[in-house]
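Undergrad: The sequence shown maps to residues 139 to 528 in my numbering. Let me begin by handing over the structure; questions about it come next.
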Amino acid sequence: MIRFEHVTKRYADGTTAVDDLSFEVAEGELVTLVGPSGCGKTTTMKMVNRLIEPTEGGIFLDGDDISTIDPVQLRRRIGYVIQQVGLFPHKTVLENTATVPHLLGWKRGKGRERAAELLDLVGLDPSVYGDRYPEQLSGGQRQRVGVARALAADPPVLLMDEPFGAVDPVVRERLQNEFLKLQAQVRKTVLFVTHDIEEAVRLGDRIAVYGQGRIEQFDSPATVLGAPATPYVADFVGADRGLKRLSVTPIEESDLDQPPVVHLDDPLATATERLRAEGARWAVVLDGRDNLHGWIPADATTTATAKGTVREHARRMEAWLPLGAPLKQAFATMLQHDAGWIAVIDKESEGRFLGVLTPARLHEALRRSIDADAQDVPRAEVAVETVATA
Ligand SMILES: Nc1ncnc2c1ncn2[C@@H]1O[C@H](COP(=O)(O)OP(=O)(O)OP(=O)(O)O)[C@@H](O)[C@H]1O
Ligand SMILES: [Mg+2]
């Protein structure tokens with residue numbers, strides 16, 4: 139969708155801002171460009187909508203060489219959220235949002251209608267905020283208007299230059315989450331610039347890590363964190379990259395343990411008898427459709443007095459997650475419930491129980507996912523020795 143081919147940009151004073159850059163952003167993909175200040179991120183962005191012309195190389199949009207497209211026409215296909223938001227201070231929120239439709243010559247009413255729709259989409263009630271001026275908004279609200287404005291003409295491509303840079307970390311995280319939800323709906327092709335590796339990892343389908351004017355690594359967030367291509371990248375992503383990686387590594391079926399399982403209507407006596415015979419201290423309790431109900435300790439009652447069914451003694455299980463949830467969430471859930479294991483269910487089949495994840499298996503999952511990325515094979519095919527299996 140967007141393709142850079144050997145693009146170099148040298149400014150008049152001899153600064154090489156971008157050096158022989160080649161990469162591609164697929165349709166509907168969100169690529170984050172991350173790197174330190176002055177490494178050429180904004181320059182890269184501005185070449186896509188021809189605010190800056192490359193010195194060498196070519197940029198292609200949907201296969202068309204953009205140097206052959208009239209810049210005004212080109213910019214209709216590209217929404218742009220500029221660094222520092224850049225709202226017009228003397229225009230209201232609604233007018234700011236309708237800027238591009240206005241430039242495109244839409245009828246005033248239609249432009250305002252579209253603007254109101256978009257403000258709603260980014261979580262700003264147009265009847266409350268529409269007539270305000272930018273100075274009457276919080277930083278986070280201004281950034282939302284910046285995003286709404288870029289989406290106004292419904293362009294297939296979005297360029298976002300540190301769109302959430304000017305707010306505190308809490309607001310930033312909220313804006314990021316909202317933007318992820320929005321992107322799931324609108325599926326734009328997005329080039330997103332940030333100098334914050336956390337943001338890059340959280341938002342990007344893939345990440346381009348910039349050094350000075352060059353891409354040092356272009357990979358999925360998990361791979362960048364698990365297998366940094368160069369010492370520079372390793373340094374940039376930080377010493378806590380293992381921890382960061384937890385948040386981008388999903389729970390897979392091959393990570394799960396299979397503990398003993400009993401059913402709600404099993405007679406208690408036989409259930410506890412069996413658990414003792416197997417030396418198990420607890421079992422997962424399932425309902426008639428094999429959905430997770432809870433758990434039962436092996437010593438729920440002594441065999442001699444065991445009466446009735448598992449149902450009367452089963453405890454509800456609060457610590458569970460769907461398959462595919464990030465390992466970080468699994469870890470957080472264990473801590474929150476002070477649980478030595480969590481149950482994992484299948485979201486698709488309305489909660490069928492799949493197995494349990496323990497701390498040892500979580501550690502193993504992380505180790506295997508790193509090896510799997512390095513060897514480019516599915517995680518299930520990687521065996522590692524861990525404390526648990528050694
Ligand atoms: N018009 C210009 N003339 C000369 N040099 C420039 C010009 N614009 C940018 N540069 C230089 O090009 C390099 C890349 O700048 P760019 O704005 O692309 O960086 P950036 O990665 O966006 O940085 P930041 O994170 O601070 O926004 C910098 O060294 C900068 O000083
Ligand atoms: Mg910049």
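Glycine included, C-beta positions come from ideal geometry on N, C-alpha and C. All figures in this text were calculated on a predicted structure; none of them were measured in a lab.
Quick one: residues with CB closer than 7 Å to any heavy atom of ligand 2, in chain order, please.
TA: Having a Cβ closer than 7 Å to some heavy atom of ligand 2 are Lys179, Thr180, Gln221, Asp299, Glu300, Val331.
Undergrad: Using 8 Å as the threshold, is the region 321 to 328 in touch with the region 345 to 357, meaning 3 or more CB pairs across them?
TA: No contact exists between the region 321 to 328 and the region 345 to 357.
Undergrad: Can you tell me whether glycine 173 sits near ligand 1, meaning its C-beta is under 8 Å from at least one heavy atom of the ligand?
TA: What you label residue 173 is simply residue 35 of the sequence shown in a count that begins at 1. True, at least one ligand heavy atom lies under 8 Å from that Cβ.
Undergrad: So, using beta-carbon positions, are alanine 503 and phenylalanine 491 closer together than 9 Å?
TA: The count along the sequence shown starts at 1 and reaches residue 503 at position 365. The count along the sequence shown starts at 1 and reaches residue 491 at position 353. In this structure, phenylalanine 491 does not lie closer than 9 Å to alanine 503 by Cβ.
Undergrad: Where does the unbroken alpha helix (DSSP H) through glycine 370 begin, and where does it stop?
TA: Looking up residue 370 in the sequence shown gives position 232. Strictly speaking, residue 370 in this sequence is tyrosine, with glycine absent from that position. 369 to 375 is the extent of the alpha helix (DSSP H) around tyrosine 370.
Undergrad: Note down the Cα distance separating valine 231 from valine 210, rounded to an integer number of angstroms.
TA: For the purposes of this step, residue 231 is identified with residue 93 of the sequence shown, where counting begins at 1. For the purposes of this step, residue 210 is identified with residue 72 of the sequence shown, where counting begins at 1. Distance between the alpha carbons of valine 231 and valine 210 is about 24 Å.
Undergrad: DSSP has aspartate 357 in a bridge; who is on the other side?
TA: Taking the first residue of the sequence shown as position 1, residue 357 is located at position 219. In the DSSP output, where bridge partners are listed per residue, aspartate 357 has Ile345.
Undergrad: According to DSSP, is phenylalanine 226 helix, strand or coil?
TA: What you label residue 226 is simply residue 88 of the sequence shown in a count that begins at 1. Phenylalanine 226 falls in the coil class under three-state DSSP.
Undergrad: Report the option in Val328, Pro366, Thr447 whose CA atom is closest to the CA atom of valine 169.
TA: The sequence position of residue 169 within the sequence shown is 31, counting from 1. Among Val328, Pro366, Thr447, the Cα nearest to that of valine 169 is on Val328.
Undergrad: I think glycine 196 touches aspartate 203, with their Cβ atoms under 8 Å apart; what is that distance to the nearest whole Å?
TA: As a working note, residue 196 is residue 58 in the sequence shown. As a working note, residue 203 is residue 65 in the sequence shown. Indeed they touch by this definition, with Cβ atoms about 6 Å apart.
Undergrad: Buried or exposed for tyrosine 218, please, with buried defined as at least 16 other CB atoms from any protein chain shown within 10 angstroms of its CB.
TA: For the purposes of this step, residue 218 is taken as the residue at position 80 of the sequence shown. Burial call: buried.
Undergrad: Would you report the Cα separation of alanine 528 and alanine 518, rounded to the nearest angstrom?
TA: Position 390 of the sequence shown, counting from 1, holds the residue named residue 528. Position 380 of the sequence shown, counting from 1, holds the residue named residue 518. No answer about alanine 528 holds up, because its pLDDT of 42 lies below 50 and its placement is not dependable.
Undergrad: For isoleucine 508, collect the residues of the same chain with a Cβ closer than 7 Å to its Cβ; drop the 5 residues on either side in sequence, then sort them by chain order.
TA: The residue you call residue 508 lines up with position 370 of the sequence shown. So the qualifying residues of the chain are Gly364, Ala365.
Undergrad: Which ranges would you report for the alpha helix (DSSP H) in the region 216 to 292 if only whole runs of at least 4 residues count?
TA: Correct list: 231 to 235, 237 to 241, 246 to 259, 264 to 267, 277 to 289.
Undergrad: Starting from glycine 303, trace the alpha helix (DSSP H) in both directions and tell me its first and last residue.
TA: In the sequence shown, counting from the first residue as 1, residue 303 sits at position 165. No alpha helix (DSSP H) holds glycine 303; DSSP gives it neither H nor E.
Undergrad: Whether or not the region 370 to 390 and the region 465 to 479 are in contact is what I'm after, with contact meaning three or more pairs of Cβ atoms, one per stretch, closer than 8 Å; do they touch?
TA: In short, these stretches touch, since the Cβ pair count reaches three.
Undergrad: Buried or exposed, going by whether 16 or more other CB atoms sit within 10 Å of the CB of alanine 377?
TA: Position 239 of the sequence shown, counting from 1, holds the residue named residue 377. Exposed, because fewer than 16 other Cβ atoms sit within 10 Å of the Cβ of alanine 377.
Undergrad: Give me the Cα-Cα distance between arginine 419 and arginine 506, rounded to the nearest whole angstrom.
TA: By one-based count along the sequence shown, residue 419 stands at place 281. By one-based count along the sequence shown, residue 506 stands at place 368. When rounded, the distance between both Cα atoms is 28 Å.
Undergrad: Indicate the three-state DSSP secondary structure (helix, strand or coil) for leucine 297 in the structure shown.
TA: The sequence position of residue 297 within the sequence shown is 159, counting from 1. Note: leucine 297 maps to strand in three-state DSSP.
Undergrad: Using beta-carbon positions only, say whether valine 172 and aspartate 158 come within less than 9 Å of one another.
TA: The residue given as residue 172 occupies position 34 in the sequence shown. The residue given as residue 158 occupies position 20 in the sequence shown. No, the pair does not count as a contact, with Cβ atoms beyond the cut-off.
Undergrad: In angstroms with no decimal places, state the Cα-to-Cα distance between alanine 521 and leucine 394.
TA: Reading the sequence shown from its first residue, position 383 is the one you call residue 521. Reading the sequence shown from its first residue, position 256 is the one you call residue 394. Distance between the alpha carbons of alanine 521 and leucine 394: 14 Å.
Undergrad: Alpha carbon to alpha carbon, how far is aspartate 425 from histidine 501?
TA: Your numbering for residue 425 matches position 287 in the sequence shown. Your numbering for residue 501 matches position 363 in the sequence shown. Between aspartate 425 and histidine 501, the C-alpha separation is close to 30 Å.
Undergrad: Give the single residue among Leu461, Gly432, Val295, Val260 whose Cα lies nearest to the Cα of glutamine 314.
TA: Sequence index remark: in the sequence shown, residue 314 carries index 176 (1-based). When each option's Cα is compared against that of glutamine 314, the closest is Val260.
Undergrad: Hey, out of Pro294, Arg282, Val295, Ala290, whose CA is closest to arginine 310's CA?
TA: Taking the first residue of the sequence shown as 1, we reach residue 310 at position 172. With distances taken between Cα atoms, arginine 310 lies closest to Arg282.
Undergrad: Return the residue from the list Met298, Pro294, Leu406 that minimises the CA-CA distance to glutamate 450.
TA: Start at 1 with the first residue of the sequence shown, and residue 450 comes out as number 312. Comparing Cα-Cα distances from glutamate 450 to each of Met298, Pro294, Leu406, the minimum goes to Leu406.
Undergrad: What would DSSP say about threonine 527, mapped onto helix, strand or coil?
TA: Here residue 527 is taken as the residue at index 389 of the sequence shown, counted from 1. Only weak support is given to the placement of threonine 527: the predicted model assigns it a pLDDT of 46, under 50, and the question is left unresolved by the model.
Undergrad: I'd like to check one pair, isoleucine 483 with valine 295: are the Cβ atoms closer than 9 Å?
TA: Walking along the sequence shown from the start, residue 295 turns up at place 157. Walking along the sequence shown from the start, residue 483 turns up at place 345. No, they are not a contact pair.
Undergrad: Compute the minimum distance between the beta carbon of alanine 155 and the heavy atoms of ligand 1, and state whether it is under 8 Å.
TA: Counted from its first residue, the sequence shown places residue 155 at position 17. Alanine 155: yes, Cβ under 8 Å from ligand 1.
Undergrad: When the Cα of alanine 212 is compared with those of Lys485, Leu199, Gly268, Glu255, which residue comes out closest?
TA: Residue mapping note: residue 212 aligns to position 74 of the sequence shown, counting from 1. The amino acid at residue 212 is misidentified as alanine; the sequence shows leucine. Answer by Cα proximity: Leu199.
Undergrad: Determine the DSSP secondary structure at threonine 146, reduced to helix, strand or coil.
TA: For the purposes of this step, residue 146 is taken as residue 8 along the sequence shown, with counting starting at 1. If DSSP states are grouped into helix, strand and coil, threonine 146 belongs with the strands.
Undergrad: Take the Cβ of aspartate 476 as the centre, count every other Cβ of all protein chains shown within 10 Å, and call the residue buried at 16 or more, exposed below.
TA: As a position in the sequence shown, residue 476 is number 338, starting the count at 1. Exposed: under 16 other Cβ atoms inside 10 Å.
Undergrad: By DSSP, does threonine 193 sit in helix, in strand, or in coil?
TA: Looking up residue 193 in the sequence shown gives position 55. It is coil, neither helix nor strand.
Undergrad: Taking 8 Å as the cut-off, does the CB of tyrosine 348 come closer than this to any heavy atom belonging to ligand 1?
TA: Sequence index remark: in the sequence shown, residue 348 carries index 210 (1-based). Result yes, Cβ under 8 Å from ligand 1.
Undergrad: Return yes when at least one heavy atom of ligand 1 lies under 8 Å from the C-beta of tyrosine 267, else no.
TA: If you number the sequence shown from 1, residue 267 lands on position 129. No, ligand 1 has no heavy atom inside 8 Å of this Cβ.
Undergrad: What is the DSSP secondary structure of aspartate 484, counted as helix, strand or coil?
TA: Within the sequence shown, the letter at position 346 stands for residue 484. Note: aspartate 484 maps to strand in three-state DSSP.
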